[in-house]
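Engineer:
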Amino acid sequence: MQSPKDMGIRAKIIAAMIALLVFIALLSFWASYMHEKKSLLTNMQDNAVILNRALIISITNQKIIAEKVNLQTLVEELSLTEGIFGVWVIDSSCRITSATFREQVGEVASSHLISNALENGYYVSGFDTKMGEQVYSAVYPLKKGDKILGLLEVAFELREYLRARPRDQVQLAAQMKRDSRIMAESLSYSIENMRDVNELIHIQRLVDRLTVESEIISRIMIVDDNSRITACSDLSKVGTIAADKGVKAIINGAEIYTRLAPRQKIYMFDMPLRIDDEFKGVVSIGYDATEYYARLSEIFRFGMLISGMGILMGILLSFQVANPIIRPIQRLTEVTKGLAAGDLSQRAAVNSKDEIGALAVAFNKMAEDLAYSKDKIDQYSKTLEKKVRQRTQDLEKTNRELIVTQNELMESNIAKSEFLGITSHELRTPLTTLLGYSELLLTRDLTEKQKKEFLGFINEESIHLSKIVDDLLDISRIGAQKDFGLVKKPVDLADILLKNTNFYSGVETGKSIIVDTEENLPLVSADKERIDQVVKNILDNAIKYSPDGDIVCKAFAKDDMVWIGIQDYGIGISKQDLPYIFDKFFRVKRKKTAKIVGTGLGMSIVKHIVESHNGKIDIESELGKGTTIVFGLPRLLDYVRKDTD
Amino acid sequence: MKKILIVDDEKKVRRLVEVTLSIDELEILHASSGEEGLMKARESMPDIILLDVMMPGLDGIEVCRLLKKDPATKHIYIIMLTAKGQQADKKKGFAAGADEYFVKPFSPMNLMDKINKILNK
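From first to last, the protein sequence lines stand for chains X and H. In this note's numbering, each residue carries its 1-based index in the first sequence increased by 43. In this note's numbering, each residue carries its 1-based index in the second sequence increased by 504.
This is the structure we're talking about:
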């Protein structure tokens with residue numbers, strides 16, 4: 044099942060509205076139902092109150108009527124007795140309730156006997172006049188306890204008394220007094236008994252009749268003040284003790300007690316039975332509540348029907364309400380998807396001025412901003428790409444240069460280490476001679492010849508050592524980018540070449556040096572000593588690296604330059620090594636050169652000196668065939684050569 | 505008589521060693537290259553060889569290796585006498601089978617003492 048979180052807005056709105064409408068419908072239904080129920084109960088209660096009161100009144104009236112009817116019958120029967128003129132039952136307010144003469148019922152009785160009896164509360168008798176005739180009346184109070192309920196008056200005819208002799212009249216009077224008293228007491232007793240019996244008989248009759256004839260009464264129960272059932276629809280319960288809650292409540296002082304018995308569909312209504320404000324018992328009536336329950340059921344069904352219709356209407360209404368809200372949002376969602384897919388030309392339709400319309404306007408603004416930003420980003424991206432490409436190329440170039448530099452540095456380091464080793468070796472070799480022979484000179488007894496020989500060795504190696512130190516100082520100057528402090532003067536290169544070739548030819552090299560110089564060679568502006576150093580270095584190398592073969596030296600002018608070329612036919616230099624021949628510390632690594640003295644600095648110094656004179660130097664070599672080094676210096680154009688130069 | 509062979513391409517060095525060790529009990533032999541030194545060693549079977557490293561042609565390390573490899577010459581006491589004084593050079597020398605390593609410049613007296621000690625053993 045879909046969770047509320049995953050529901051769409053439409054579903055949420057519809058669900059919320061349905062829930063609200065269902066709640067309202069159920070609330071309305073429940074309120075209506077409760078109202079109806081209360082109304083029905085009130086109505087039923089009102090009816091029950093009326094009915095109960097009517098029943099109580101009926102019971103009371105019935106009792107009174109029955110009493111009266113029976114007393115009248117008794118009175119009329121007694122009136123038929125020989126010698127009795129008439130019988131009257133008078134209530135406590137002296138009103139005649141039964142009489143031998145029916146027309147007198149309701150009249151107020153008045154006589155001195157009645158007055159006496161009421162005042163004193165005991166039997167009185169005496170002569171009296173009734174309806175124009177002389178009678179002997181006996182008035183007897185009808186009591187219940189000490190309370191006088193009324194009077195019974197019996198009037199005896201005086202026909203026999205009047206006919207009797209005076210002597211007999213006294214006896215007759217006494218007998219009448221006695222008889223009237225017995226009769227009155229007897230009658231009073233009969234009246235008492237008759238009233239109780241009639242009362243019970245008539246109430247049960249009333250109960251039976253009401254139960255049978257009334258459509259709305261299901262059960263009636265009359266209970267005396269001792270909870271004993273005196274009359275009941277179910278005759279078998281008469282005489283038993285009532286255990287109903289309502290009866291107990293009324294006996295305990297409640298005025299009304301009602302309850303519903305859903306199973307029996309009865310509405311029980313209990314009220315106290317009072318006669319002359321005196322509590323006599325309980326009247327409990329069970330009203331048929333079938334109609335009440337049927338009505339409730341009908342209301343419930345109707346309510347459910349209305350609620351169902353309400354929900355249905357609510358659903359339809361929800362769709363009607365939700366769609367105008369959802370559709371623009373759906374359209375906005377579609378546009379948003381299009382936008383998210385990259386189509387920045389998508390715009391939402393603005394069809395209303397409500398919040399959705401405002402949202403669409405804001406969305407369109409956002410889309411425009413987004414398109415603008417994307418354009419900017421694209422432009423920036425292109426620029427950035429270009430920049431990145433350029434930077435990458437620069438970096439690659441720098442990297443390549445760095446790699447080259449690194450390699451150069453590494454090679455330089457290697458060359459430097461090698462140089463240090465070589466330098467150390469080159470220094471140690473002459474030092475060995477110096478230290479060794481000086482120690483021998485100091486410690487041994489040597490011959491003069493030996494001393495001279497050893498001092499000669501020391502001198503040679505001192506010069507050699509000095510040359511090494513000079514080279515090192517020169518290379519140090521080159522490394523520090525310092526010039527050599529050149530002192531330039533007009534110089535004849537041919538002179539320098541000849542001087543050096545003569546020197547090396549003089550040395551025991553075993554080499555043949557061929558010199559060829561042009562006549563009247565132009566002069567150059569140069570530091571004579573440094574150019575001499577250049578020629579000496581090149582020649583020295585040519586001799587060192589050519590164990591066999593001659594050396595050819597030339598001096599010539601060409602292209603405003605004066606050139607010196609020195610060619611040997613020695614071991615030569617490989618193509619691989621040739622480009623590095625002028626590098627500092629570079630020395631060709633070969634077995635054949637292993638013992639050849641040199642720091643690898645000479646050619647580097649040579650190149651530097653030549654270039655310091657704005658000159659040019661070039662080398663050609665082939666492995667095993669020899670090497671040619673040519674260097675040229677700019678000629679002095681305006682200088683007039685003198686013989687003395 | 506004990507024999508000592510000096511192998512060095514530097515004439516001055518050979519002469520220095522010769523004068524240093526010039527005593528009656530020693531016969532001093534000379535060689536100016538590796539090849540010559542190897543040949544003389546095999547021929548004369550010296551007691552001690554003073555061997556330079558950097559020489560044209562066969563260098564001292566190679567000569568030492570060949571001599572020590574050869575059962576006939578491996579007993580010869582070889583002292584490397586060289587200007588190559590770095591630690592790596594010494595390692596190479598000892599790896600080739602050298603018994604002693606003397607770095608130039610050296611004191612003739614010290615060399616003498618060393619030779620005497622070796623010979624007295």
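Every residue, glycine too, gets a C-beta built ideally from N, C-alpha and C. Here the structure is a predicted model, which is why all the values come from computation and not from measurement.
Got a sec, what are the start and stop residues for the beta strand (DSSP E) residue 382 of chain X sits in?
Structural biologist: On the first sequence, position 339 is the one that residue 382 of chain X refers to. Premise fails: residue 382 of chain X lies in the alpha helix (DSSP H), 333 to 383, not in any beta strand (DSSP E).
Engineer: Kindly say whether residue 606 of chain H, judged by its beta-carbon, lies nearer than 8 Å to any beta-carbon of chain X.
Structural biologist: Looking up residue 606 of chain H in the second sequence gives position 102. Not an interface residue.
Engineer: If I'm right that residue 606 of chain H touches residue 585 of chain H with Cβ under 8 Å, what's the distance once you round it to whole angstroms?
Structural biologist: By one-based count along the second sequence, residue 606 of chain H stands at place 102. By one-based count along the second sequence, residue 585 of chain H stands at place 81. That pair is a contact at about 5 Å.
Engineer: Please check if any C-beta of chain H sits within less than 8 Å of the C-beta of residue 480 of chain X.
Structural biologist: Residue numbering aside, residue 480 of chain X sits at position 437 when the first sequence is read from its first letter. Yes, because at least one Cβ of chain H sits closer than 8 Å to the Cβ of residue 480 of chain X.
Engineer: Is the CB of residue 464 of chain X under 8 Å away from at least one CB in chain H?
Structural biologist: Translated into positions along the first sequence, residue 464 of chain X becomes position 421. Answer yes: the Cβ-Cβ gap between residue 464 of chain X and chain H drops below 8 Å somewhere.
Engineer: Among all the DSSP beta bridges, which residues are the ones paired with residue 599 of chain X?
Structural biologist: Here residue 599 of chain X corresponds to residue number 556 of the first sequence, with the count starting at 1. DSSP output for residue 599 of chain X lists X:606 as bridge partner(s).
Engineer: Can you give the Cα-Cα distance for residue 299 of chain X and residue 62 of chain X, rounded to whole angstroms?
Structural biologist: Looking up residue 299 of chain X in the first sequence gives position 256. Looking up residue 62 of chain X in the first sequence gives position 19. Cα-Cα distance, rounded: 43 Å.
Engineer: Since residue 257 of chain X is in the beta strand (DSSP E), which residue starts that stretch and which ends it?
Structural biologist: As a working mapping, residue 257 of chain X is identified with position 214 in the first sequence. Here residue 257 of chain X belongs to no beta strand (DSSP E), and DSSP marks it neither H nor E.
Engineer: For the region 167 to 208 of chain X, list the alpha helix (DSSP H) runs that are entirely contained and at least 4 residues long, ordered along the chain.
Structural biologist: The region 167 to 208 of chain X contains these whole alpha helix (DSSP H) runs: 202 to 206.
Engineer: Going by Cα to Cα distance, which pick from H:552, H:534, H:541 is closest to residue 604 of chain H?
Structural biologist: One-based indexing of the second sequence puts residue 604 of chain H at position 100. Ranking H:552, H:534, H:541 by Cα distance to residue 604 of chain H puts H:552 first.
Engineer: Quick check: is the beta carbon of residue 475 of chain X nearer than 8 Å to any beta carbon in chain H?
Structural biologist: Residue mapping note: residue 475 of chain X aligns to position 432 of the first sequence, counting from 1. It does; some Cβ of chain H falls within 8 Å.
Engineer: At which residue ranges does the region 539 to 611 of chain H contain complete beta strand (DSSP E) runs of 3 or more residues, listed in the order of the chain?
Structural biologist: Within the region 539 to 611 of chain H, the complete beta strand (DSSP E) runs of at least 3 residues are 552 to 555, 581 to 586, 604 to 607.
Engineer: Just reading off the alpha helix (DSSP H) that residue 524 of chain H is part of, what are its end residues?
Structural biologist: Reading the second sequence from its first residue, position 20 is the one you call residue 524 of chain H. Start and end: 515 to 524.
Engineer: Looking at the structure shown, is residue 505 of chain H part of a helix, part of a strand, or coil, going by DSSP?
Structural biologist: Here residue 505 of chain H is taken as the residue at index 1 of the second sequence, counted from 1. It is coil, neither helix nor strand.
Engineer: Using beta carbons (cut-off 8 Å, strictly below), is residue 621 of chain H in contact with chain X?
Structural biologist: For this step, residue 621 of chain H is matched to residue 117 along the second sequence. No, residue 621 of chain H does not count as interfacial toward chain X.
Engineer: Taking beta-carbon pairs under 9 Å, can you tell me which members of the region 504 to 530 of chain X lie near chain H?
Structural biologist: Under the 9 Å Cβ criterion, the region 504 to 530 of chain X contributes 504.
Engineer: Would you give the residue range spanned by the alpha helix (DSSP H) that residue 155 of chain X belongs to?
Structural biologist: Residue 155 of chain X sits at position 112 when you count from the first residue of the first sequence. Where residue 155 of chain X is concerned, the enclosing alpha helix (DSSP H) stretches over 155 to 163.
Engineer: Can you list, in chain order, the residues of the region 509 to 533 of chain H whose Cβ is nearer than 8 Å to any Cβ on chain X?
Structural biologist: Listed by position, the residues of the region 509 to 533 of chain H near chain X (Cβ gap below 8 Å) are 513, 514, 516, 517, 519, 520, 523, 524.
Engineer: On the DSSP bridge assignment, give the partners of residue 275 of chain X in chain order.
Structural biologist: As a working mapping, residue 275 of chain X is identified with position 232 in the first sequence. Per DSSP, X:264.
Engineer: By the DSSP assignment, the beta strand (DSSP E) with residue 317 of chain X in it spans what residues?
Structural biologist: Residue 317 of chain X sits at position 274 when you count from the first residue of the first sequence. Note, residue 317 of chain X: beta strand (DSSP E), 309 to 318.
Engineer: Can you tell which of X:359, X:406, X:356, X:347 has its C-alpha closest to the C-alpha of residue 374 of chain X?
Structural biologist: Looking up residue 374 of chain X in the first sequence gives position 331. Minimum Cα distance to residue 374 of chain X is reached at X:406.
Engineer: Assuming residue 592 of chain X is part of the alpha helix (DSSP H), what are its boundary residues?
Structural biologist: The residue given as residue 592 of chain X occupies position 549 in the first sequence. Premise fails: residue 592 of chain X is in no alpha helix (DSSP H) and is neither H nor E.
Engineer: Can you tell which of X:349, X:179, X:100 has the C-alpha that lies nearest to the C-alpha of residue 65 of chain X?
Structural biologist: The sequence position of residue 65 of chain X within the first sequence is 22, counting from 1. Cα-wise, what sits closest to residue 65 of chain X is X:349.
Engineer: Going by C-alpha to C-alpha distance, which of X:570, X:351, X:581, X:476 sits closest to residue 72 of chain X?
Structural biologist: Looking up residue 72 of chain X in the first sequence gives position 29. Answer by Cα proximity: X:351.
Engineer: What did DSSP end up calling residue 634 of chain X once you bin it into helix, strand or coil?
Structural biologist: Numbered from 1 along the first sequence, position 591 holds the residue referred to as residue 634 of chain X. Confidence at residue 634 of chain X is low in this model, with a pLDDT of 47, below 50, so its placement is unreliable and the value that follows should be read with caution. Residue 634 of chain X: helix per DSSP, three-state reduction.
Engineer: When the distance is taken between beta carbons, is residue 473 of chain X closer than 8 Å to residue 508 of chain X?
Structural biologist: Position 465 of the first sequence holds residue 508 of chain X. Position 430 of the first sequence holds residue 473 of chain X. Against a cut-off of 8 Å, the Cβ pair of residue 473 of chain X and residue 508 of chain X comes out as a contact.
Engineer: Quick check on residue 514 of chain X: buried or exposed, where buried means 16 or more other Cβ atoms within 10 Å of its Cβ?
Structural biologist: For this step, residue 514 of chain X is matched to residue 471 along the first sequence. Buried: at least 16 other Cβ atoms inside 10 Å.
Engineer: How is residue 613 of chain X classed by DSSP in three states: helix, strand or coil?
Structural biologist: Taking the first residue of the first sequence as 1, we reach residue 613 of chain X at position 570. Coil at residue 613 of chain X, not helix or strand.
Engineer: Can you give me the start and stop residues for the alpha helix (DSSP H) that residue 292 of chain X sits inside?
Structural biologist: Taking the first sequence and counting its residues from 1, the one referred to as residue 292 of chain X is at position 249. Run containing residue 292 of chain X: 288 to 294, per the alpha helix (DSSP H) assignment.
Engineer: Taking only beta-carbon atoms, is residue 536 of chain H less than 8 Å away from chain X?
Structural biologist: Translated into positions along the second sequence, residue 536 of chain H becomes position 32. Not an interface residue.
Engineer: Using 8 Å as the limit for Cβ to Cβ distance, is residue 467 of chain X near chain H?
Structural biologist: Position 424 of the first sequence, counted from the first residue, corresponds to residue 467 of chain X. Judged by the 8 Å Cβ criterion, residue 467 of chain X is in contact with chain H.
Engineer: DSSP has residue 513 of chain X in a bridge; who is on the other side?
Structural biologist: One-based indexing of the first sequence puts residue 513 of chain X at position 470. BP columns for residue 513 of chain X are empty, so no partner.
Engineer: Look up residue 663 of chain X in the DSSP assignment and give the residues it is bridged to.
Structural biologist: Translated into the one-based positions of the first sequence, residue 663 of chain X becomes position 620. For residue 663 of chain X, which the question treats as bridged, DSSP gives the partners X:671.
Engineer: Using the rule of at least 16 other Cβ atoms within 10 Å of the residue's Cβ for burial, across every protein chain shown, is residue 198 of chain X buried or exposed?
Structural biologist: As a position in the first sequence, residue 198 of chain X is number 155, starting the count at 1. Counting Cβ neighbours within 10 Å, residue 198 of chain X comes out buried, since at least 16 surround it.
Engineer: Can you tell me whether residue 138 of chain X is helix, strand or coil according to DSSP?
Structural biologist: As a first step, residue 138 of chain X is located in the first sequence; it is residue number 95 there, counting from the start. Three-state result, residue 138 of chain X: strand.
Engineer: Quick one: what does DSSP say residue 533 of chain X is sitting in, helix, strand or coil?
Structural biologist: By 1-based counting over the first sequence, the position of residue 533 of chain X is 490. Here residue 533 of chain X sits in strand by DSSP.
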